[in-house]
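When we follow full-length UniProt numbering, the leftmost residue of the sequence shown carries the number 1, and every step to the right adds one. Where a beta carbon is used, it is the ideal one built from N, C-alpha and C, also for glycine.
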Amino acid sequence: MVDRLESLLTRFAVHARMFHSGALCGLNEVPTLPDTGQLHLIKLGPVEVTQEGESPLHVVEPSLLLYPRPLKHRFLTDAKRGADLACANLHFDGGIANPIAAALPAAICVPLAEIYGADGVLSLLFDEAFNQRCGRQALVNRLFEVVLIQVLRHLMESGQIRSGMLAGMGHPKLRNALVAMHERPAHEWSLEELAEKASMSRSVFANVFRDTVGLTPGAYLQSWRVTLAQQALRQGRSLKMIAVEVGYGSEAALSRAFKVQSGLSPREWKQTQTSG
Numbered sequence: 001m002v003d004r005l006e007s008l009l010t011r012f013a014v015h016a017r018m019f020h021s022g023a024l025c026g027l028n029e030v031p032t033l034p035d036t037g038q039l040h041l042i043k044l045g046p047v048e049v050t051q052e053g054e055s056p057l058h059v060v061e062p063s064l065l066l067y068p069r070p071l072k073h074r075f076l077t078d079a080k081r082g083a084d085l086a087c088a089n090l091h092f093d094g095g096i097a098n099p100i101a102a103a104l105p106a107a108i109c110v111p112l113a114e115i116y117g118a119d120g121v122l123s124l125l126f127d128e129a130f131n132q133r134c135g136r137q138a139l140v141n142r143l144f145e146v147v148l149i150q151v152l153r154h155l156m157e158s159g160q161i162r163s164g165m166l167a168g169m170g171h172p173k174l175r176n177a178l179v180a181m182h183e184r185p186a187h188e189w190s191l192e193e194l195a196e197k198a199s200m201s202r203s204v205f206a207n208v209f210r211d212t213v214g215l216t217p218g219a220y221l222q223s224w225r226v227t228l229a230q231q232a233l234r235q236g237r238s239l240k241m242i243a244v245e246v247g248y249g250s251e252a253a254l255s256r257a258f259k260v261q262s263g264l265s266p267r268e269w270k271q272t273q274t275s276g
């Protein structure tokens, strides 16, 4: 089986930093930061979660709450008994353009018992988070990142994400075509080649891809290439080098695709990033 997350996480890493561990009692509004997601691990509840624009959640068993993008939310727990949580901020490389963050819904709640293979990691994470030991912060940060990878794997394999890139990555055939595009963006992928990667006929592949991912294969490839180009621009790379690396024969060709995708030329887009 191809590794569906390797090319994504290699290019677009996620970094966690724990900001709370221990009991929360009563009503607590959780502070959010721009372009920053959050991962909450509820060890012991119950907890009522009120979320901006979302239905309230009543968490009664140990659970994970994932917010890939900033979303105002509050925790309500028993004023005396409280609830035990470990919480971390998540920085997705590329911010809102990060393809992993962009593919996730605004809020996700998963019982910890459903995340296959996470028992050992969670046990160590809670033990370190709720005690004061040398290297605690650095160790717990890494463990949060491991848990995030495990929950992404869970979401793909359980089929809980029903549309978009992660839904395609969870499809037993489409994922092969998606990984091929992720790993070799500069290749001139034809519909026939991608359908062959997916072991499907051309017409069936095109229809299933569009219905599952929400884009045609060609539109998805262009989106992926422009996302990579944006990342390279943030790193200060020249447009000429980027064009070759992401599969466009010239700066002009990349600029045209870039403007179709983002509504801005590469120069205009980079200026917005600098000013922002």
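Run through DSSP, which three-state label would residue 127 get? When DSSP states are grouped into helix, strand and coil, residue 127 belongs to the helix group.
What is the DSSP secondary structure of residue 92, reduced to helix, strand or coil? Here residue 92 sits in strand by DSSP.
Write down the C-beta distance between residue 151 and residue 121 rounded to the nearest angstrom, noting that I regard them as a contact closer than 8 Å. That pair is no contact at about 11 Å.
CA-CA distance, residue 216 and residue 206? Across the structure, residue 216 and residue 206 are spaced so that their CA atoms are roughly 7 Å apart.
Cα-Cα separation, residue 86 to residue 225: The alpha-carbon atoms of residue 86 and residue 225 are separated by roughly 36 Å.
Per DSSP, what kind of secondary structure is residue 63 in: helix, strand or coil? Residue state for residue 63 is assigned as strand, using DSSP reduced to three classes.
Smallest Cα separation from residue 271: which of 236, 248, 166? From the listed residues 236, 248, 166, the smallest Cα separation to residue 271 is found for 236.
Tell whether a beta-carbon distance below 7 Å holds between residue 16 and residue 145. Yes. Within cutoff.
DSSP three-state call for residue 264: helix, strand or coil? The DSSP-derived three-state label of residue 264 is coil.
Are there three or more Cβ pairs, one per stretch, closer than 8 Å when the segment 65 to 80 is compared with the segment 28 to 41? Proximity of the segment 65 to 80 to the segment 28 to 41 meets the contact definition, three or more beta-carbon pairs being nearer than 8 Å.
Is the Cβ-Cβ distance between residue 214 and residue 163 less than 7 Å? Judged by beta-carbon spacing, residue 163 lies within the 7 Å limit of residue 214, meaning their Cβ atoms are closer than that value.
Beta strand (DSSP E) runs wholly inside the segment 91 to 120, at least 3 long, in chain order: Fully enclosed beta strand (DSSP E) runs of 3 or longer: 108 to 111.
Looking only at its chain, what residues have a beta carbon closer than 8 Å to the beta carbon of residue 183, apart from the 5 residues adjacent to it on each side? If we look at residue 183 and ignore the five residues flanking it on each side, its Cβ neighbours are 7.
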